[in-house]
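The opening position of the sequence shown corresponds to residue 943 in the numbering used here, with each subsequent residue numbered one higher. Think of the CB as a built atom: it goes at the ideal place given N, C-alpha and C, for glycine as much as any other residue.
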Amino acid sequence: MNAKVLVMALGALAMVGCTPDWAKNGDAPVVLLMTAINNGSPLSSDLSISTGAVCPDIVPLRLENHFKNPNVTITGFRHDFTVERYEVRYFRSDGRNTEGVDVPYRISGNVAQEVIEESTATLQLEVVRRQAKLEPPLANLAGANPPVLTMFAEVTLHARTTTGQTTNPVSARLHIDFAQFDDDVTTCPVAQ
């Protein structure tokens, strides 16, 4: 009898240890997933276009809303969620990550993108602001050798359901090559 109780207790402990973080974070019964950033492609960030204008870099994020319990059926709008806030942090693979010296300052802001339960949505997000291109280290690239600076942006999203429950935060990383590219662009690209 004691051996049976011991085996059951050990099995319960093992199951608790196998729960993924996304299932434990947040009190919502749904999970926020970011399944693509910039369609899986690196971003070539132009420091300025041919006219000298400085443009922000906006990329698409593919988001999904799924139930944590796959056996739950569609329940209506109560489990739709809205992405409310984002953060973008930059880092380099060589370990040099001082903001304003080695990488741009991190950014954060508010957004409002609804994702209906058991569906997908695309959020257009500004991952590099104009201001970042006017400050070090990006402003230092003019005349630099080599004239390309590679770094990564970690994008983190936070969302809340229509009933006020918080979802898990979700993060994804984007490869960015910063340079003064030769182009004949005369206006800043518009998000699709």
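Pick from the options that is closest to residue i, judged by C-alpha positions
| i | options | result |
| --- | --- | --- |
| E1060 | L975, N1039, N944, S1113 | L975 |
| V1025 | D1126, D1125, V1097, A1121 | V1097 |
| T1062 | D1022, L1083, L1099 | D1022 |
| V1045 | G968, D1036, T977, P1111 | D1036 |
| T1129 | T977, T1103, N980, G994 | G994 |
| P1012 | P971, G982, P1089 | P971 |
| N1052 | I979, T1105, A1101 | A1101 |
| F1123 | P1089, S1113, P1111, G1106 | P1089 |
| Q1055 | I1049, L1099, R1034, Y1047 | L1099 |
| P1079 | Q1107, G1106, R1048 | R1048 |
| S1113 | S983, V1030, N944, V1014 | V1030 |
Beta-carbon proximity check, residue i vs residue j, cutoff 8 Å
| i | j | result |
| --- | --- | --- |
| L985 | H1117 | yes |
| P1002 | V1070 | no |
| F1094 | Y1032 | yes |
| V996 | R1072 | yes |
| T1064 | G968 | no |
| G1042 | E1077 | yes |
| K1075 | A1081 | yes |
| Q1066 | I979 | no |
Spatial neighbours of residue i in its chain, beta-carbon cut-off 8 Å, leaving aside the 5 residues before and after
| i | result |
| --- | --- |
| D1125 | D988, I991, S992 |
| F1009 | P971, V972, V973, H1021, E1059, E1060 |
Beta-carbon contacts of residue i that lie in its chain and below 6 Å, excluding the five residues immediately before and after
| i | result |
| --- | --- |
| T1092 | D1119 |
| D1019 | Sequence check: residue 1019 is Phe here, not Asp. Hits under 6 Å: T1104. |
| S1038 | The identity of residue 1038 in the sequence shown is Arg, whereas the question assumes Ser. So the list reads D1044, once near-sequence residues are dropped. |
Proximal residues to residue i (C-beta, below 7 Å), its chain only, five neighbours per side dropped
| i | result |
| --- | --- |
| N981 | P1002 |
| I1016 | E1059, E1060 |
Residue interval of the alpha helix (DSSP H) (run including residue i)
| i | result |
| --- | --- |
| Q1073 | 1072–1075 |
Start-to-end residues for the beta strand (DSSP E) that takes in residue i
| i | result |
| --- | --- |
| Q1107 | From DSSP, Q1107 is part of no beta strand (DSSP E); its letter is neither H nor E. |
| R1004 | 999–1009 |
| A1054 | 1049–1057 |
| S986 | 985–988 |
| L975 | 972–979 |
| H1137 | In the structure as shown, the chain starts at 943 and stops at 1134, and residue 1137 therefore has no counterpart that could be examined. |
| I1118 | 1112–1121 |
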